[in-house]
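Worksheet: one structure, shown below.
Residue numbers (full-length UniProt numbering): 1 to 200.
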């Protein structure tokens, strides 16, 4: 069905889920749209079956808290930011509620998280004014971008380019190749010049 104003106005709520004891802070769909995962300020992670309109399972992260939940590349794995203890990003098996890997580096709250649509890379941005590029297969940061203010970041649908928003001023586009190759030694001004000159 095509989404139009008229269609949206005609929609009605089919089902309510009231399990959470606090605010749901993030939601994310699997690429095929069959599952939805939520993270909540009550430290819970809940997976819903979108086809059947049912809750599939729920796990907790009472020790670390949970925010910015995103499915990885299977229906059983996810990454999320922490709200307690430290600013580590955690890679979680939703199947057995065990952490598979930790991604440490941000010194302040993580405010943006984005999974690549094509591989195991993901981006994180923090109030420490950095964007980091990670690979699920390694705890080591693959690329670091020093910025002037709070960032946001997102991949394009092909996973080749990402956009980085810095404060209210500017949106920059870069290739992941550029980020992993030279970004750790460049300022944002240098990066903008390189992108404008077509370095890939």
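Glycine residues also receive a C-beta, built at the ideal position from the N, C-alpha and C atoms.
(request) Under 6 Å Cβ to Cβ from residue 118, same chain only, skipping five residues before and after it: list those, please. (result) Non-local C-beta neighbours of residue 118 in its own chain, meaning closer than 6 Å and more than five positions away in sequence, comprise 159, ordered along the chain.
(message) With distance defined between alpha-carbon atoms, name the residue in 87, 36 and 62 nearest to residue 70.
(response) Per the Cα distances, 36.
(request) Name the two residues that bound the continuous alpha helix (DSSP H) containing residue 140. (result) Residue 140 -> not in any alpha helix (DSSP H); beta strand (DSSP E) instead, spanning 138 to 146.
(request) Compute the distance between the beta-carbons of residue 94 and residue 78, then report whether it is under 8 Å. (result) In this structure, the beta-carbon distance from residue 94 to residue 78 falls below 8 Å.
(request) Determine the direct distance from the alpha carbon of residue 62 to that of residue 131, and round the result to whole angstroms. (result) One alpha carbon belongs to residue 131, the other to residue 62, and they sit about 26 Å apart.
(request) Can you tell me which of 73, 115, 140 and 141 puts its alpha carbon nearest to the alpha carbon of residue 163? (result) Nearest to residue 163 by alpha-carbon distance, out of 73, 115, 140 and 141, is 115.
(message) With distance defined between alpha-carbon atoms, name the residue in 23, 146, 60 and 105 nearest to residue 134.
(response) Residue 105 is the option with its Cα nearest to residue 134.
(message) Could you give the first and the last residue of the continuous beta strand (DSSP E) run that contains residue 108?
(response) Looking at the DSSP string, residue 108 is not in any beta strand (DSSP E), and its letter there is neither H nor E.
(message) Helix, strand or coil, according to DSSP, for residue 116 in the structure here?
(response) In the structure shown, residue 116 sits in coil (DSSP, three-state: anything other than H, G, I, E or B).
(request) Please report the residue range of the beta strand (DSSP E) in which residue 60 lies. (result) Element bounds for residue 60: 54 to 60.
(message) What residue range does the beta strand (DSSP E) around residue 37 cover?
(response) Run containing residue 37: 35 to 40, per the beta strand (DSSP E) assignment.
(message) Can you give me the C-alpha to C-alpha distance between residue 64 and residue 52, rounded to a whole angstrom?
(response) Distance between the alpha carbons of residue 64 and residue 52 is about 31 Å.
(message) In this structure, how does DSSP classify residue 178 when only helix, strand and coil are distinguished?
(response) For residue 178, the pLDDT reaches just 49, beneath the cut-off of 50, and the residue's location in the model is therefore unreliable, leaving the point undetermined.
(request) Measure the CB-CB distance between residue 139 and residue 99 and report whether it falls below 8 Å. (result) Residue 99 is positioned such that its CB atom lies no closer than 8 Å to that of residue 139.
(request) Tell me whether residue 38 is buried or exposed, calling it buried when 16 or more other Cβ atoms sit within 10 Å of its Cβ. (result) The Cβ neighbour count for residue 38, taken over all protein chains shown within 10 Å, is at least 16; the residue is labelled buried.
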